[in-house]
Amino acid sequence: MKNRREIIQLMPFAAAAVLAACGGKPAETTSSSPAPAPAAESTPPAPGAVDPATFPMLDEADPVAAALGYVTDSARADTVKFPNFVAGSQCVNCNLYSGVAGAEAGPCSLFPGKKVTATGWCGSYVKKIA
Ligand code: SF4
-7 MKNRREIIQL
3 MPFAAAAVLA
13 ACGGKPAETT
23 SSSPAPAPAA
33 ESTPPAPGAV
43 DPATFPMLDE
53 ADPVAAALGY
63 VTDSARADTV
73 KFPNFVAGSQ
83 CVNCNLYSGV
93 AGAEAGPCSL
103 FPGKKVTATG
113 WCGSYVKKIA
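Read in this note's numbering, the sequence shown has 17 at position 25, and its numbers run on one by one without any break.
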């Protein structure tokens, strides 16, 4: 059981996780304008933008990561502190993960500017929608 202080500290991250899990898509409109073309699979970063591939790895000791029980290997998830862990859950199949298929690590919307391991896990895991 978390104490009140820990819960209050995690609230902004939980809200971000919920928004990211919802996909952040606006409601459907009845506009007759054509839908935009889908983005290319591997679009290079815009000029001046930071390439997510260059992001540093998230450290398990990072205060927020530690509070959320982030581990670089889901086999080490603290199932006592996080009984919501389900076997097979990993960053790579989390809705907040946006790494390239087959990559060992990638960005997570919960930790801007950092990469998490594809095999990692944290207590904010949200199953990716197929
Ligand atoms: Fe990010 Fe991994 Fe946690 Fe999902 S499980 S929120 S990808 S750190």
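Even glycine gets a Cβ: it sits at the ideal position worked out from N, Cα and C. Keep in mind the model is a prediction, meaning the values are calculated, not measured.
Using DSSP with H/G/I as helix, E/B as strand and the rest coil, what is residue i?
i, result
"valine 56", "helix"
"alanine 79", "coil"
"valine 108", "strand"
"proline 39", "coil"
"proline 99", "strand"
Taking the alpha-carbon positions, what's the residue i to residue j distance?
i, j, result
"valine 42", "alanine 122", "28 Å"
"alanine 93", "valine 84", "8 Å"
"serine 90", "valine 118", "13 Å"
"valine 108", "valine 78", "18 Å"
"proline 48", "proline 55", "16 Å"
"lysine 106", "glycine 115", "17 Å"
"alanine 123", "threonine 46", "Not covered by the structure: residue 123. The range shown for the chain is -7 to 122."
"glutamate 96", "alanine 59", "23 Å"
"cysteine 86", "proline 39", "29 Å"
"glutamine 82", "lysine 120", "10 Å"
Assuming residue i and residue j form a contact by the criterion Cβ under 8 Å, report the distance between their Cβ atoms to the nearest whole angstrom.
i, j, result
"glycine 61", "alanine 53", "Glycine 61 to alanine 53, Cβ: 12 Å. No contact."
"aspartate 51", "threonine 111", "Their Cβ separation, rounded to whole angstroms, is 16 Å, which puts aspartate 51 and threonine 111 out of contact at 8 Å."
Pair every Cβ in the segment 66 to 73 with every Cβ in the segment 93 to 102, then say whether three or more of these pairs are closer than 8 Å.
-> Segments in contact, no.
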